[in-house]
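A.B. asks:
2 protein chains.
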Amino acid sequence: MPDYTLEDIAKLAGVSRATVSRVVNEHPNVSEKMRLRVQEVIQETGYQPNLMARSLVSQRTKLIGLVIPRGVHGFFTDPYFPKLIEGISQACNQYGYTLTLSLFFSDKDERELLPRVTQKGLLDGIIVQATGLGNQSSIISQWGVPFIFAGRPMGISDVSYVDVDNRAGAYSAIAHLAHLGYNKIATVTGALNTTVGADRLEGYRQAIQERNLELDENLIAEADFTEFGAYFAAKKLLKQSPEAIFVASDTMALGVIKAIKEEGLLIPDDIALVGFDDLLSAAFLGTQLTTVRQPIGKFGFKAVEMLLDIIENGPQPPRRVIFDTELVIRESCGSPFPYGN
Amino acid sequence: MPDYTLEDIAKLAGVSRATVSRVVNEHPNVSEKMRLRVQEVIQETGYQPNLMARSLVSQRTKLIGLVIPRGVHGFFTDPYFPKLIEGISQACNQYGYTLTLSLFFSDKDERELLPRVTQKGLLDGIIVQATGLGNQSSIISQWGVPFIFAGRPMGISDVSYVDVDNRAGAYSAIAHLAHLGYNKIATVTGALNTTVGADRLEGYRQAIQERNLELDENLIAEADFTEFGAYFAAKKLLKQSPEAIFVASDTMALGVIKAIKEEGLLIPDDIALVGFDDLLSAAFLGTQLTTVRQPIGKFGFKAVEMLLDIIENGPQPPRRVIFDTELVIRESCGSPFPYGN
DNA sequence: GGAGAAATTGAGAGCGCTCTCAATAAGGAT
DNA sequence: ATCCTTATTGAGAGCGCTCTCAATTTCTCC
């Protein structure tokens, strides 16, 4: 199939380039007769407009990017990201945008490749996965493209982002455990140089304090969102004989469960457990894990919508959209029944 | 920061547009003096070439796409895809291409959105995830863009693809089980309308036959690559009291393990187990699973390289690249020791 | 039927860049 | 110093499209 241009179609239909353009772009002021004639030629030839040419003049590519900076842990292991991409993709599909995905594995990658993606002209907008690394702020101001963060970025203000209410989510987990009568509640945190990790710990702390429960720094073990890290953190924690453990991610709960089993303890009989994410199936976990569910798909979808808002309506004051979490009560916390509040 | 064009830079440096273009594109025939003068201006202004304009004339966007058609199962749950994307991304980064990701969730998505992606002008090339749906062949011939399949597509010949030697991988698993003395070896298959599922079953069959083991159709239970499907398949299978089960994916092994546990059987004492993928950690599985490892990252990387070959050197006769698998022997098969061959 | 308003169409500029080709500058050989 | 070869530079066309604006056609109404 040869490649036709607008010009060719115009010639074949015996009209001007402008008229063909109008038909293609569904402009109102075209007579029915012309429209049909042109459409017929387009049909016959299989003409498809050249997107680059179109982008050049319209200054829009209908391309938005998802950027995963170096130092984002677990892209290849955490089910979080596929879910995020799912939500983002759905929104892109719905609004007629195409998604680009930039994964940076090293400092070098980022230095050399980021400019291509952040320069004006390629992408209409960018969703950046937030990281603990705050050094982006200096660069970001030079981006020629609207952007928005997925997750609250650390050390940067005045940017738009979507996030999940991690603090409240953690709080609700602890509140539930407290409600069930546990007093000595430990936590395995995520990496504390990320807002996610820090926020979830803060929710823990706040709930513990408000309820006058035992707040002992020895009941807090920092891990790094990995199964292994959590395993070792839990090993340490178990020496304190906590009654319950709040683990800041389900993936980490895997490691904690392993540690608990090795001690010969039973969940929830000997020790209660609450996770965060609700991304892993029960079979994965081997336990009906009570966990804090976050609406990651919606989250990604919303990120796209906010970005498109900026793209289509121009710069906006920074906006934050925070999604609520939901405590999903299963067996591992020792109570199959949800309770009020 | 205002936006500068080539023209602006030329004016500021007191040279012609062509000279600036040469400097930017590192053409050889530019005098040192001019080069330095222009580079200085570029530095000062922060000029970045407009990619669309460049693409319009060069007919290259440096964009390649990964297309996941509707009907590809488990994109959001199977760790296979993140690994694939990892390999693809690394290759893209290395070769200076940007990746687009198109996920189609429905027939409608595909009908409306695929043309955008397959039309000439947007992407330089496409990697298509192979599916069981053969109906693509009719469309594919109309694509204006070079493409290659990830995985062997069903019902299409004359296309290039990368794949893993699924047949041989399954064969090696059965061979090992046979070597260990198991005679009654069952299998939980993947979806048999996919080449992956079918090939692995074929490897199973071939190994069983060559060794004159019990080939009983009741020892073959079709599942669909999901944990649940495998769980039910295993339930059925266990009634036949097999000595060993080859499960066509690790994700499915989860379901099988669950079924086995429910029967009160021990792995590998009562029943041996071999999986396929080597993507799940031991903690996930609760068992040190013997499995067939496939080099998915390399696979994705190679797919990009083959695609770039076509993009840069023009159309080529269909090529297939098949990667070998590796049997990773752990505890679940009842032998911690690898054996020769 | 004709003036004026409204709808439709086409000419042409321009988006920012690459690349060919001719013009100019520099270098070598006699 | 002069002529020829080679390296460097600039002018200008053109990639395929959109969009403004003026020209043309069609419609209304008296």
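Protein chains in written order, with my numbering: chain A, 547 to 887; chain B, 547 to 887.
All C-beta atoms, glycine included, are put in the ideal place defined by N, C-alpha and C.
Being a predicted model, the structure only gives us computed values, none of them experimental.
If you follow the beta strand (DSSP E) that Q675 of chain B is part of, which residue opens it and which one closes it?
C.D. replies: G671 to Q675
A.B. asks: Less than 8 Å between the CB atoms is what I'm expecting for G846 of chain A and I634 of chain A, so what's the real figure, rounded?
C.D. replies: 4 Å
A.B. asks: Please list, in chain order, the chain A residues whose beta carbon lies closer than 9 Å to that of F822 of chain B.
C.D. replies: Taking the beta carbon of F822 of chain B as reference, no residue of chain A falls within 9 Å; the closest one sits roughly 17 Å away.
A.B. asks: Using the three-state DSSP reduction, which class does S648 of chain B fall into: helix, strand or coil?
C.D. replies: strand
A.B. asks: Consider the Cβ of Q589 of chain A: report whether some Cβ of chain B lies at a distance smaller than 7 Å.
C.D. replies: no
A.B. asks: Whose CA, out of B:I672, B:E658 and B:Q640, lies closest to the CA of E658 of chain A?
C.D. replies: B:Q640
A.B. asks: Taking CB distances under 7 Å as the criterion, tell me whether P841 of chain A reaches chain B.
C.D. replies: no
A.B. asks: Is S878 of chain A buried or exposed, if buried means 16 or more other CB atoms sit within 10 Å of its CB?
C.D. replies: buried
A.B. asks: Pick helix, strand or coil for A776 of chain B, following the three-state DSSP scheme.
C.D. replies: helix
A.B. asks: In chain B, which residues lie less than 7 Å from D655 of chain A when you measure between Cβ atoms?
C.D. replies: N639
A.B. asks: Which chain A residues sit within Cβ distance under 8 Å of E851 of chain B?
C.D. replies: By Cβ distance, chain A contributes nothing, its closest Cβ being about 17 Å from E851 of chain B, past 8 Å.
A.B. asks: Going along chain B in order, which residues have a C-beta closer than 7 Å to the C-beta of R662 of chain A?
C.D. replies: Chain B residues near R662 of chain A: T644.
A.B. asks: Cutting at 7 Å between CB atoms, please list the residues of its own chain near F627 of chain A, excluding the five before and the five after it.
C.D. replies: F621
A.B. asks: Could you name the residues of the same chain whose beta carbon sits closer than 7 Å to that of T837 of chain B, not counting the 5 residues immediately before and after it, in chain order?
C.D. replies: D796, V820, G821, F822, D823, D824 and V874
A.B. asks: Return the bridge partner residues of G821 of chain A from the DSSP annotation.
C.D. replies: Note: G821 of chain A is bridge-paired with A:T837 in the DSSP secondary-structure output.
A.B. asks: With contact counted as at least three CB pairs below 8 Å, one residue from each stretch, are the stretch 726 to 746 of chain A and the stretch 785 to 799 of chain A in contact?
C.D. replies: With a cut-off of 8 Å, the stretch 785 to 799 of chain A and the stretch 726 to 746 of chain A count as touching, because enough Cβ pairs lie within range.
A.B. asks: Taking any Cβ of chain B, which residues in the stretch 594 to 605 of chain A have a Cβ under 7 Å from it, in chain order?
C.D. replies: Q594, N596, L597, M598, A599, S601 and L602
A.B. asks: Which of the three DSSP states, helix, strand or coil, is assigned to I806 of chain A?
C.D. replies: helix
A.B. asks: Does the beta carbon of F622 of chain A come closer than 7 Å to any beta carbon on chain B?
C.D. replies: Judged by the 7 Å Cβ criterion, F622 of chain A is in contact with chain B.
A.B. asks: Taking C-beta pairs closer than 8 Å, name the residues in chain B that Q862 of chain A reaches, listed in chain order.
C.D. replies: Chain B residues near Q862 of chain A: none, gap ~19 Å exceeds 8 Å.
A.B. asks: For a cutoff of 7 Å on Cβ pairs, would you count E578 of chain B as touching chain A?
C.D. replies: no
A.B. asks: With respect to the alpha helix (DSSP H) encompassing G633 of chain B, which residues constitute its N-terminal and C-terminal limits?
C.D. replies: Y626 to Y641
A.B. asks: For the stretch 805 to 812 of chain A and the stretch 843 to 862 of chain A, state whether three or more C-beta atom pairs, one from each stretch, are separated by less than 8 Å.
C.D. replies: no
A.B. asks: Could you check the C-alpha separation between E553 of chain A and L854 of chain A for me, to the nearest Å?
C.D. replies: 32 Å
A.B. asks: Is it right to say Q605 of chain A is buried, meaning 16 or more other beta carbons lie within 10 angstroms of its own, or is it exposed?
C.D. replies: exposed
A.B. asks: DSSP has I555 of chain B in a bridge; who is on the other side?
C.D. replies: Beta-bridge analysis with DSSP links I555 of chain B to no other residue.
A.B. asks: How far does the beta strand (DSSP E) with E877 of chain B in it reach, from first residue to last?
C.D. replies: No beta strand (DSSP E) holds E877 of chain B; DSSP gives it neither H nor E.
A.B. asks: Return the first residue and the last residue of the beta strand (DSSP E) that R866 of chain B is part of.
C.D. replies: R866 to F869
A.B. asks: Where does I754 of chain B sit, in a helix, a strand or coil, going by DSSP?
C.D. replies: helix
A.B. asks: Do R746 of chain B and A794 of chain B have their CB atoms nearer than 7 Å?
C.D. replies: yes
A.B. asks: Let me check one thing: in DSSP terms, what residues is E768 of chain B bridge-paired to?
C.D. replies: Bridge partners of E768 of chain B: B:T735.
A.B. asks: Hey, how far is the Cα of I806 of chain A from the Cα of I791 of chain A?
C.D. replies: 10 Å
A.B. asks: Considering only residues of the same chain and omitting the five flanking positions on each side of L784 of chain A, which have a CB-CB separation below 6 Å?
C.D. replies: E809
A.B. asks: Specify the secondary structure class of D655 of chain B as computed by DSSP and reduced to three states.
C.D. replies: helix
A.B. asks: Are the stretch 591 to 599 of chain A and the stretch 663 to 670 of chain B in contact at 8 Å, needing three or more beta carbon pairs?
C.D. replies: yes
A.B. asks: Where does Y550 of chain A land, buried or exposed, given buried means 16+ other C-beta within 10 angstroms?
C.D. replies: buried
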